[in-house]
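Each position in the sequence shown, counted from 1, maps to that position plus 191 in this note's numbering. Just so you know, even glycine gets a beta-carbon here, dropped at the ideal spot from N, CA and C.
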Amino acid sequence: MNEILTQEKSIYIQISEMIENDIIRGIILEEEQVPSTNEMAKIYAINPATAAKGINILVDKGVLYKKRGIGMFVCKGAKEMIMKTRKNEFFDNYIKKLLDEAISLGISKEELIKMIAESKEA
C-alpha cells in the first residue's frame, strides 16, 4: 500500500482500489489481515472514517470480512472475484468502445486482430 492518493477520484474509492490491487498482486493474501482504518489514516494522512468507507466498499463486495475484535481479513476467492469484476469492467469500458469504433470505421474482425497483434510486437 505504497501508492499515492490523487485528486482524480474520491479518496475512499482509491483506498478500496489500492487494497484490491494489493490482493491481485499477491501483496495481501486471502485470509490475511488488511491494515486497520487507523493505520491507513496515519499512512495517508486521512480521516479514519474515510478509510473505513473504503474498506466497507470491499466488505459489501464480499472481498473483506470482519473478525470481531481483531480486524478485517481477505475472503477466500477474493482475488478471483476481483479479477472477474475487473475483466468485465475492462470489456465494458474498453473493448465494447473499440469494437463500436472499428465497426464505424469498417475495420473487420481480422484486421482488428492483426492490428492488435502487430502493436504487441512493438
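Measure the CB-CB distance between glutamate 223 and valine 265 and report whether it falls below 7 Å. yes
Beta carbon of threonine 228, beta carbon of tyrosine 203: below 7 Å? no
What are the boundary residues of the alpha helix (DSSP H) that glycine 262 is part of? Here glycine 262 belongs to no alpha helix (DSSP H); instead the beta strand (DSSP E) covers 262-265.
DSSP has lysine 257 in a bridge; who is on the other side? Met263
Could you check which residue in Ile215, Lys278, Leu303 and Ser310 has the C-alpha nearest to that of lysine 270? Ile215
With DSSP collapsed to three states, give me the class of glutamine 205. helix
Between the beta-carbon of leucine 196 and the beta-carbon of tyrosine 235, is there less than 7 Å? yes
Is the separation between the beta-carbon of isoleucine 219 and that of valine 225 shorter than 7 Å? yes
Between serine 207 and isoleucine 248, which are expected to be in contact by the criterion C-beta below 8 Å, what is the C-beta distance as a whole number of angstroms? 4 Å
May I have the straight-line CA-CA distance separating tyrosine 315 from glutamine 198, to the nearest angstrom? Outside the shown range of the chain (192 to 313) lies residue 315, about which nothing can therefore be said.
In terms of alpha-carbon separation, which member of Glu309, Leu303, Ser201 and Lys275 lies closest to isoleucine 237? Ser201
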